[in-house]
Amino acid sequence: LIAFRSATWSAASAGRRSSAGVCVAVLAALVMFVFGVLLGGFLHAIAFPDGGSPLVRVASDSSRLDSRLPRNVVPLSYNLTIHPNITTVASGLTRTFRPTADRIAVHLLSFAGGHLIRDEKSLQFVCPETSQWAFVMDDTVNAGDTVDLGMEFQGEVLPDLQGLYISTHTDTHGKKTRSAVTQFEPSYARKMFPCFDEPNFKATFEVSVIREPHHVVRSNMKMRHSEEHVDGLYIDVFHRTVKMSTYLLAVAILDNYGYVKRTTKNTMAPIEVRVYAPKDVLKGQSEFGLDTAIRALEYFEKYFNISYPLNKIDLLALDDFSEGAMENWGLVTFRDSTLLHADGLASALAKEQIALVICHEIAHQWFGNLVTMDWWNDLWLNEGFANYMEYRCVDRLFPDWNIMNRFYAENVAFSHEPDGLRSSRAVSSNTANNTNIMGLFDAISYHKAAAIIRMLQSLSGERNFQRSLVQYLNKYAYGNAKGSQLWKIVEKHAVLPHGVSIASLANAYITQVGCPMIFVTLSNSEVTVHNQTRHFFEDGMMDDTEWPIPIHYRTDTQLAERSKWVIANTDGYSYVKVLYDKKNYAALAKQLRTNHTAISAIDRSMILVDAFDFSKTSKLDIGVYMDLLLYAEEEMDRLAWMMIGKQVRYIEDLIEETSFGHTFKDLQRTLVLRPYERVGWSTDIARTPAEKGLQVNPSVFVKIRNQSEY
Numbered sequence: 002l003i004a005f006r007s008a009t010w011s012a013a014s015a016g017r018r019s020s021a022g023v024c025v026a027v028l029a030a031l032v033m034f035v036f037g038v039l040l041g042g043f044l045h046a047i048a049f050p051d052g053g054s055p056l057v058r059v060a061s062d063s064s065r066l067d068s069r070l071p072r073n074v075v076p077l078s079y080n081l082t083i084h085p086n087i088t089t090v091a092s093g094l095t096r097t098f099r100p101t102a103d104r105i106a107v108h109l110l111s112f113a114g115g116h117l118i119r120d121e122k123s124l125q126f127v128c129p130e131t132s133q134w135a136f137v138m139d140d141t142v143n144a145g146d147t148v149d150l151g152m153e154f155q156g157e158v159l160p161d162l163q164g165l166y167i168s169t170h171t172d173t174h175g176k177k178t179r180s181a182v183t184q185f186e187p188s189y190a191r192k193m194f195p196c197f198d199e200p201n202f203k204a205t206f207e208v209s210v211i212r213e214p215h216h217v218v219r220s221n222m223k224m225r226h227s228e229e230h231v232d233g234l235y236i237d238v239f240h241r242t243v244k245m246s247t248y249l250l251a252v253a254i255l256d257n258y259g260y261v262k263r264t265t266k267n268t269m270a271p272i273e274v275r276v277y278a279p280k281d282v283l284k285g286q287s288e289f290g291l292d293t294a295i296r297a298l299e300y301f302e303k304y305f306n307i308s309y310p311l312n313k314i315d316l317l318a319l320d321d322f323s324e325g326a327m328e329n330w331g332l333v334t335f336r337d338s339t340l341l342h343a344d345g346l347a348s349a350l351a352k353e354q355i356a357l358v359i360c361h362e363i364a365h366q367w368f369g370n371l372v373t374m375d376w377w378n379d380l381w382l383n384e385g386f387a388n389y390m391e392y393r394c395v396d397r398l399f400p401d402w403n404i405m406n407r408f409y410a411e412n413v414a415f416s417h418e419p420d421g422l423r424s425s426r427a428v429s430s431n432t433a434n435n436t437n438i439m440g441l442f443d444a445i446s447y448h449k450a451a452a453i454i455r456m457l458q459s460l461s462g463e464r465n466f467q468r469s470l471v472q473y474l475n476k477y478a479y480g481n482a483k484g485s486q487l488w489k490i491v492e493k494h495a496v497l498p499h500g501v502s503i504a505s506l507a508n509a510y511i512t513q514v515g516c517p518m519i520f521v522t523l524s525n526s527e528v529t530v531h532n533q534t535r536h537f538f539e540d541g542m543m544d545d546t547e548w549p550i551p552i553h554y555r556t557d558t559q560l561a562e563r564s565k566w567v568i569a570n571t572d573g574y575s576y577v578k579v580l581y582d583k584k585n586y587a588a589l590a591k592q593l594r595t596n597h598t599a600i601s602a603i604d605r606s607m608i609l610v611d612a613f614d615f616s617k618t619s620k621l622d623i624g625v626y627m628d629l630l631l632y633a634e635e636e637m638d639r640l641a642w643m644m645i646g647k648q649v650r651y652i653e654d655l656i657e658e659t660s661f662g663h664t665f666k667d668l669q670r671t672l673v674l675r676p677y678e679r680v681g682w683s684t685d686i687a688r689t690p691a692e693k694g695l696q697v698n699p700s701v702f703v704k705i706r707n708q709s710e711y
């Protein structure tokens with residue numbers, strides 16, 4: 002059983018009653034209601050004191066519904082008591098809030114068997130379309146009043162890895178154990194308990210868990226005390242959380258888990274860091290994750306000059322987890338493959354990815370947790386910044402990995418693909434529907450946003466941008482913010498040419514759909530940008546959207562009149578694709594074959610990526626791209642081979658069954674033979690991920706292991 006008991010909320014400042022429709026308008030004072038969660042077995046009948054009244058389902062006109070909760074009530078705190086047996090659940094909770102009307106609406110997704118038990122005369126409504134539960138109070142509550150509300154309810158927990166769900170682990174001996182864990186982002190807290198399930202309804206949470214003796218319980222905060230309960234059970238009571246969004250609450254009731262721990266030494270205050278994993282995989286696989294988390298905490302505290310707000314953080318490995326990881330404040334959950342690593346058993350590339358994921362989630366403890374986007378349309382404020390900062394952090398922790406080269410491939414180039422489709426969307430996209438909110442967790446919010454942030458950082462200057470982030474986090478700490486509020490702060494710190502505005506530039510890339518492309522020529526010592534348009538991966542598409550595009554360029558000599566070629570958008574800092582004339586492409590191809598290292602690895606990759614994409618849409622003859630590609634037999638950089646390999650596979654899939662297929666395989670052999678011979682197949686554990694990535698890319702992309710003639 003899981004019993005939630007007690008929660009505390011606060012209500013907003015003023016207000017007239019809403020007339021937006023029965024389902025949403027019914028919110029403003031609290032009674033006691035109960036819900037329970039079925040974790041996989043049968044939920045026994047619960048006796049409700051004072052009888053209880055059933056919920057009324059409202060068949061309403063969906064056009065009158067507002068999926069956002071009214072602001073007449075604001076939560077202050079929740080007090081949850083949970084009693085799980087990992088098969089059935091019952092629960093209760095109390096909230097304290099400050100209402101301003103005679104009606105209250107909360108989110109609740111599991112409606113089955115819900116009962117209001119304190120005042121059975123109160124009128125109740127259920128709106129399944131918006132997952133809201135609303136009820137009318139007998140008396141109007143004045144603005145500024147604080148009200149306690151107790152609730153009990155019962156419902157089902159579905160095996161969909163959302164809300165509170167069962168996580169199963171099978172050990173090396175075939176024994177299965179079951180744990181209960183939560184995943185609330187973006188809007189699944191309502192599946193476990195009635196709540197204000199929107200990011201800008203921040204509150205504190207007090208969690209208590211009644212458990213079996215063999216279970217280990219973790220939550221966002223440290224345990225305050227544990228004591229014997231009844232019938233051989235124990236109750237673990239946790240400290241009150243800091244003020245935070247509902248989706249960051251986390252609870253884990255673990256069976257047969259162990260942990261390793263260390264305390265930070267180079268943070269403003271000591272932080273206890275633990276890695277939890279099933280006992281049979283803990284030893285030998287948790288040390289790298291633990292060490293990386295500690296170093297990441299130290300890095301971000303120093304970078305933001307803001308202490309980590311809690312005194313502990315747990316990293317929890319799960320066999321079945323819908324995401325790569327989740328940044329719950331103080332209890333970060335991971336798919337086991339993104340946290341656990343054993344040298345000699347897992348690849349160096351997997352180790353690199355684990356470091357990126359850990360640094361991403363630690364970055365969220367500031368960007369996302371301390372300051373949260375006001376609504377999901379600005380999800381990029383959370384995810385784009387975490388994506389950008391994860392690379393900076395890993396680059397600092399493991400400088401020999403050369404990770405910033407991967408940033409171009411996995412953020413800039415990667416986001417060009419979905420952004421070149423007619424169906425793409427803007428980085429900031431308004432939505433209120435739960436299904437549409439889930440759709441925002443995509444390459445646009447993560448990767449395109451990170452690419453834009455890097456562009457604006459390079460334009461503002463490293464130190465100026467860092468000062469802006471520190472001011473932003475301090476100003477909106479424990480609250481919510483919008484993207485426009487961040488750019489106003491960046492604008493104040495940036496030193497820019499006259500007439501250049503960070504805010505207007507950011508707005509163009511955040512609110513407009515697509516990626517711009519420009520046509521650049523070098524003629525008579527002049528570099529000219531002829532025009533711009535939106536890049537599409539579909540023939541015949543046109544778009545008159547315009548962007549302000551900051552462009553840096555590089556030539557082969559310092560004297561423009563002697564230059565034979567030009568590269569615009571050096572190091573891929575601007576979010577733009579560049580098309581050249583054939584003369585410039587020929588000069589670049591010659592330079593690549595003569596001495597490719599005269600052009601940086603990112604620029605080499607960018608030239609190939611843009612030329613290949615333009616050839617796919619008939620903006621450039623494929624022969625021009627192939628001429629550029631011929632230098633690859635001398636290429637020894639992993640980033641370039643990541644891009645080349647992807648392009649080669651695409652071409653191979655197109656022509657494999659044609660008369661050109663064998664000829665193309667001969668070309669592949671020519672391109673890969675020398676890099677393959679140089680890098681070899683040594684499995685030396687001392688090789689960096691970049692070196693091992695170079696081992697993998699050329700050989701795998703041309704199927705060298707499957708073709709004896711290679």
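Here the numbering used here is used: the first residue of the sequence shown is 2, the next is one more, and so on.
Cβ atoms here follow ideal geometry from the backbone N, Cα and C, with glycine treated the same way.
A quick note: this is a predicted structure, and the numbers were derived from the prediction, not measured.
Requested in this report: Might you give, ordered along the chain, the residues of its own chain that have their beta carbon closer than 6 Å to the beta carbon of residue 414, omitting 5 neighbours on each side?
Outcome: Within the sequence shown, residue 414 is the residue found at index 413, counting from 1. These residues qualify, in order along the chain: 610.
Query raised in the report: Counting Cβ pairs closer than 8 Å, one from the region 312-322 and one from the region 260-279, do we hit at least three?
Result: yes
Query raised in the report: Helix, strand or coil: how does DSSP classify residue 478 here?
Result: Locating residue 478 in the sequence shown gives position 477, counting from the first residue. Looking at residue 478 - three-state DSSP - the assignment turns out to be coil, as it is neither helix nor strand.
Requested in this report: Kindly provide the ranges of any alpha helix (DSSP H) runs that are 4 or more residues long and lie completely inside the region 467-549, ordered along the chain.
Outcome: 484-494 and 503-512
Requested in this report: Look at the Cβ atom of residue 1, then the Cβ atom of residue 355, and state whether they are nearer than 8 Å.
Outcome: Look at the range of the chain in this structure, 2 to 711, and you will see that residue 1 is not part of it.
Query raised in the report: Among 258, 233, 363 and 439, which has the Cα closest to the Cα of residue 310?
Result: For this step, residue 310 is matched to residue 309 along the sequence shown. The candidate whose alpha carbon is nearest that of residue 310 is 363.
Requested in this report: Look at residue 321 and residue 162 and say whether their C-beta atoms are less than 8 Å apart.
Outcome: If you number the sequence shown from 1, residue 321 lands on position 320. If you number the sequence shown from 1, residue 162 lands on position 161. Yes, these two residues count as a Cβ contact at 8 Å.
Query raised in the report: Are the beta-carbon atoms of residue 374 and residue 200 separated by less than 8 Å?
Result: For the purposes of this step, residue 374 is identified with residue 373 of the sequence shown, where counting begins at 1. For the purposes of this step, residue 200 is identified with residue 199 of the sequence shown, where counting begins at 1. Yes; because the gap between Cβ atoms is below 8 Å, this pair is in contact.
**Report entry** Burial state of residue 449 (16 or more Cβ within 10 Å)
**Finding:** The residue given as residue 449 occupies position 448 in the sequence shown. So residue 449 ends up on the buried side.
Requested in this report: Could you tell me which uninterrupted beta strand (DSSP E) segments, each at least 3 residues in length, are contained entirely in the region 551-599, listed from first to last along the chain?
Outcome: As summarised for the region 551-599, the continuous beta strand (DSSP E) elements at least 3 residues long and confined to that stretch are 554-556, 567-569 and 578-581, given in chain order.
Query raised in the report: Between the Cα of residue 571 and the Cα atoms of 312, 558 and 554, which residue gives the shortest distance?
Result: As a working mapping, residue 571 is identified with position 570 in the sequence shown. Of the candidates 312, 558 and 554, the one whose C-alpha sits nearest the C-alpha of residue 571 is 554.
Requested in this report: Please say whether residue 255 and residue 217 have beta carbons closer to each other than 8 Å?
Outcome: Taking the first residue of the sequence shown as 1, we reach residue 217 at position 216. Taking the first residue of the sequence shown as 1, we reach residue 255 at position 254. Yes; because the gap between Cβ atoms is below 8 Å, this pair is in contact.
Query raised in the report: Would you report the Cα separation of residue 649 and residue 539, rounded to the nearest angstrom?
Result: Locating residue 649 in the sequence shown gives position 648, where the first residue counts as 1. Locating residue 539 in the sequence shown gives position 538, where the first residue counts as 1. Using only the alpha carbons, I get a separation of about 20 Å.
Requested in this report: State buried or exposed for residue 209, treating a residue as buried only when at least 16 other CB atoms are found within 10 Å of its CB.
Outcome: Here the question's residue 209 lines up with position 208 in the sequence shown. Flag for residue 209 reads buried.
Report task. In angstroms with no decimal places, state the Cα-to-Cα distance between residue 505 and residue 512. Result -> Residue mapping note: residue 505 aligns to position 504 of the sequence shown, counting from 1. Residue mapping note: residue 512 aligns to position 511 of the sequence shown, counting from 1. Spanning the two alpha carbons is a distance of roughly 10 Å.
Query raised in the report: Buried or exposed: where does residue 663 fall if 16 or more other Cβ atoms within 10 Å of its Cβ makes it buried?
Result: Reading the sequence shown from its first residue, position 662 is the one you call residue 663. It counts as exposed.
Query raised in the report: Based on Cα-Cα distance, which residue from 507, 263 and 395 lies nearest to residue 379?
Result: The residue labelled residue 379 in the question sits at position 378 within the sequence shown. Checked all of 507, 263 and 395; the closest Cα to residue 379 is 507.
Report task. Would you list the one or two residues that DSSP bridges to residue 252? Result -> Indexing the sequence shown from 1 puts residue 252 at position 251. According to DSSP, residue 252 bridges with 220.
**Report entry** Inter-residue spacing [alpha-carbon to alpha-carbon] between residue 358 and residue 340
**Finding:** Here residue 358 corresponds to residue number 357 of the sequence shown, with the count starting at 1. Here residue 340 corresponds to residue number 339 of the sequence shown, with the count starting at 1. Approximately 8 Å, taken between the alpha carbons.
Query raised in the report: Between which two residues does the beta strand (DSSP E) harbouring residue 321 extend?
Result: As a working note, residue 321 is residue 320 in the sequence shown. Element bounds for residue 321: n/a, residue is neither H nor E.
Requested in this report: Give a yes or no on whether the C-beta atoms belonging to residue 582 and residue 522 are separated by under 8 Å.
Outcome: Counting from 1 along the sequence shown, the entry for residue 582 is found at position 581. Counting from 1 along the sequence shown, the entry for residue 522 is found at position 521. Yes, the Cβ-Cβ distance between residue 582 and residue 522 is below 8 Å.
Report task. Please determine, among 204, 174, 441 and 186, the residue with the shortest C-alpha to C-alpha distance to residue 80. Result -> Numbered from its first residue, the sequence shown carries residue 80 at position 79. The candidate whose alpha carbon is nearest that of residue 80 is 204.
Query - Enclosing alpha helix (DSSP H) for residue 608 [first to last residue] - result: Indexing the sequence shown from 1 puts residue 608 at position 607. First-last of the alpha helix (DSSP H) with residue 608: 602-617.
Query raised in the report: Just checking my contact of residue 176 with residue 169 at CB under 8 Å: how many whole Å lie between their CB atoms?
Result: Here the question's residue 176 lines up with position 175 in the sequence shown. Here the question's residue 169 lines up with position 168 in the sequence shown. The pair is not a contact, with the Cβ atoms about 11 Å apart (cut-off 8 Å).
Query raised in the report: With residue 219 and residue 332 assumed to form a contact (beta carbons below 8 Å), what rounded beta-carbon distance in angstroms separates them?
Result: By one-based count along the sequence shown, residue 219 stands at place 218. By one-based count along the sequence shown, residue 332 stands at place 331. About 6 Å separates the two Cβ atoms, so the contact holds.
Report task. State yes or no: is the beta carbon of residue 387 nearer than 8 Å to at least one beta carbon in chain B? Result -> Note that chain B does not occur in the displayed structure, where there is just one protein chain.
Report task. Output the boundary residues of the beta strand (DSSP E) element that contains residue 184. Result -> To locate residue 184, count along the sequence shown from 1; it is residue 183. 177-184 is the span of the beta strand (DSSP E), which, as asked, contains residue 184.
Query raised in the report: So what does DSSP say about residue 164, is it helix, strand or coil?
Result: Position 163 of the sequence shown, counted from the start, is the residue given in the question as residue 164. Residue state for residue 164 is assigned as strand, using DSSP reduced to three classes.
Report task. Give me whichever residues DSSP pairs with residue 239 in a beta bridge. Result -> As a working mapping, residue 239 is identified with position 238 in the sequence shown. Answer is 224.
Query - residue 131 classed as buried or exposed, judged by whether at least 16 other C-beta atoms fall within 10 angstroms - result: On the sequence shown, residue 131 is found 130 positions in, with the first residue counted as 1. Classification for residue 131: buried.
Requested in this report: Mind checking who residue 313 pairs with in its DSSP beta bridge?
Outcome: In the sequence shown, the residue the question calls residue 313 occupies position 312. Partner(s): 273.
Query raised in the report: Contact between the region 453-461 and the region 476-487: three or more CB pairs below 8 Å?
Result: no
**Report entry** CA nearest to the CA of residue 531, picked from 579, 566, 71 and 489
**Finding:** Mapped onto the sequence shown, residue 531 falls at position 530. When only C-alpha atoms are compared, the closest one is 579.
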